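Trainee: Take this structure, written in structure tokens, and hold onto it; I'll ask about it next.
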Amino acid sequence: MRAGTGAQRPTAAPDGGSAEPCPLSYDGLVQQVRAAELGPDPRTLRIAVAFTTSQAVRHDGRRGGYRNEVLSLRLDRAVGSCAVEPGALPAGAVDDCAGADVARLLEHPLPAVRVAALDAYLMHVRPHTPENGALPRPLPAGSSLEKSRARARAVAGLLNLAPGRTVLVVGVVNSLLEALRARGLAYIPCDLKGGTTEWGEHVVTDALAALDRCDAVLASGMTLGNGTFEPLREHALRTGRQLVMFAQTGSAVLPRFLGSGVSAVCAEPYPFFWLDGGPGTVHRYGRTGAAL
């Protein structure tokens, strides 16, 4: 494991010697933050700015469109984010966060607030730098579709699979499906919204029911906010199959699970590629020798 990319707890062997580290769970990571084991006491850190970003997308040449909404929290120079279903964030949620300390927000009733607060804290104490295990991958300037495809290639390159294998894609992004097709990989698209892909393929809604039909899982960081990340992580640990995460939500959270079920992460902190036509950067963690 790369230095600074995980936070596993060592366990003692029966004979008193050292044993393999115990895999880290999401709740375990939150407990470490609350106990100030990874950095400053979260009770001493306050969120200065809370904001939402909402977008509607309809790319040229694509027959469908979609909407995104993201809650973001500013902690000093760091921004933590969690995507939500458009319109799902109640009025007053942003006001709850501005000026609140991180410890209080880690106990907020809204999952999106808890995830964004955890992301902001970890971005603050362990930013995406080579010293913390991150390998920067530049995204060229271009249209929203061009940048989406560039990001998709960066994500797909983290999968270590031969052509013909099948990937469960949790959180459908058509550019990612396109990138998998280009590598000769089959896929099962999965999204809570259901529907069809750009190519008319049926989108399943139950990721766990499809796991045994796949050789690897490629999942969005949105799984942190909707509670499906832990079952995916536990499945990867149990079976040894690859779990690659692409993360705007929880970009600083998910690299902490390398070696605890997650095999690689493409982390994309705010501002996201769809907000600007200029060059950008994503940060990749995990598999060495990944396709450039």
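According to my numbering, the sequence shown holds residues -19 to 272 in order.
For every residue, glycine included, the Cβ atom is placed at its ideal position computed from N, Cα and C.
These numbers come from a predicted model, not from an experiment.
What first and last residue would you give for the alpha helix (DSSP H) that runs through Q228?
Mentor: From DSSP, Q228 is part of no alpha helix (DSSP H); its letter is neither H nor E.
Trainee: Comparing alpha-carbon positions, which option in L172, A78, T185, S128 lies nearest L157?
Mentor: That would be S128, whose Cα lies nearest to the Cα of L157.
Trainee: Among A28, R145, V150, which one has its Cα closest to the Cα of D81?
Mentor: If we check each option's Cα against that of D81, A28 comes out closest.
Trainee: Apart from the five residues just before and just after A92, which ones in its own chain have a Cβ nearer than 7 angstroms to its Cβ?
Mentor: Within the same chain, A92 has close Cβ partners L51, C62, V64, L69, G205.
Trainee: Assuming the contact rule is C-beta atoms closer than 8 angstroms, Y6 and L55 should be a hit. Round their C-beta distance to whole Å, please.
Mentor: Contact doesn't hold; Cβ gap of about 20 angstroms is too wide.
Trainee: Between which two residues does the alpha helix (DSSP H) holding T219 run?
Mentor: First-last of the alpha helix (DSSP H) with T219: 209 to 219.
Trainee: For the 8 angstroms Cβ check, are there 3 or more pairs between the region 193 to 209 and the region 144 to 152?
Mentor: The region 193 to 209, when compared against the region 144 to 152, does touch it at the 8 angstroms Cβ threshold.
Trainee: If you scan the region 102 to 136 from start to end, which runs of the beta strand (DSSP E) of 3 or more residues do you find wholly inside it?
Mentor: Listed in chain order, the complete beta strand (DSSP E) runs (minimum 3 residues) inside the region 102 to 136 are 115 to 119.
Trainee: If you measure between the beta carbons of P118 and T24, is that distance less than 8 angstroms?
Mentor: No, they are not a contact pair.
Trainee: Could you pull the DSSP bridge partners for A167 from this structure?
Mentor: For the sequence presented, residue 167 should be read as Tyr rather than Ala. V147, per the DSSP bridge assignment.
Trainee: Taking the alpha carbon of P249 as the point to measure from, which residue in E126, A71, P66, M103 has its own alpha carbon closest?
Mentor: The residue with the shortest Cα to Cα distance from P249 is M103.
Trainee: What residue range does the alpha helix (DSSP H) around T203 cover?
Mentor: 202 to 206 is the span of the alpha helix (DSSP H), which, as asked, contains T203.
Trainee: List in chain order: all unbroken alpha helix (DSSP H) runs of 4+ residues lying wholly within the region 36 to 106.
Mentor: Runs of the alpha helix (DSSP H) inside the region 36 to 106: 73 to 77, 82 to 85, 91 to 105.
Trainee: Can you grab the Cα-Cα spacing for the pair E49 / V184, in whole Å?
Mentor: Distance between the alpha carbons of E49 and V184 is about 22 angstroms.
Trainee: In three-state DSSP terms, what is T24?
Mentor: Helix.
Trainee: Look up V29 in the DSSP assignment and give the residues it is bridged to.
Mentor: Answer is R54, bridged to V29.
Trainee: Among the candidates R47, R218, A15, L125, whose CA atom is the shortest distance from the CA of A83?
Mentor: Closest by alpha carbon: A15.
Trainee: Distance, Cα to Cα, A247 vs H263?
Mentor: Rounded to whole angstroms, A247 to H263 spans 5 angstroms at the Cα level.
Trainee: Leaving out five residues on either side along the sequence, give the residues of the same chain with a beta carbon under 8 angstroms from the beta carbon of C170.
Mentor: Closer than 8 angstroms at the Cβ level, and outside the excluded window around C170, lie L148, V149, V150, G151, V152, V183, V184, T185, D186, A187, A190.
Trainee: Using beta-carbon positions only, say whether V13 and L98 come within less than 8 angstroms of one another.
Mentor: Yes; because the gap between Cβ atoms is below 8 angstroms, this pair is in contact.
Trainee: Taking the straight line between their C-alpha atoms, what separation do you get for H88 and G164?
Mentor: Between H88 and G164, the C-alpha separation is close to 43 angstroms.
Trainee: Between the Cα of P251 and those of C2, S34, Y167, spot the shortest distance and give me the residue it belongs to.
Mentor: For the residues C2, S34, Y167, the minimum Cα distance to P251 belongs to S34.
Trainee: Would you report the Cα separation of P259 and A132, rounded to the nearest angstrom?
Mentor: Roughly 15 angstroms between the two C-alpha positions.
Trainee: Helix, strand or coil: how does DSSP classify G260 here?
Mentor: Here G260 sits in strand by DSSP.
Trainee: Taking only the alpha-carbon atoms, compute the straight-line gap between G266 and F209 and give it to the nearest angstrom.
Mentor: Roughly 18 angstroms separates the two Cα atoms.
Trainee: Mapping the DSSP letters down to three states, classify A247 as helix, strand or coil.
Mentor: A247: strand per DSSP, three-state reduction.
Trainee: When the Cα of Q228 is compared with those of T203, A71, E126, which residue comes out closest?
Mentor: Nearest option by C-alpha distance: T203.
Trainee: What residue from A162, N140, L238 has the CA that sits closest to C2's CA?
Mentor: Ranking A162, N140, L238 by Cα distance to C2 puts L238 first.
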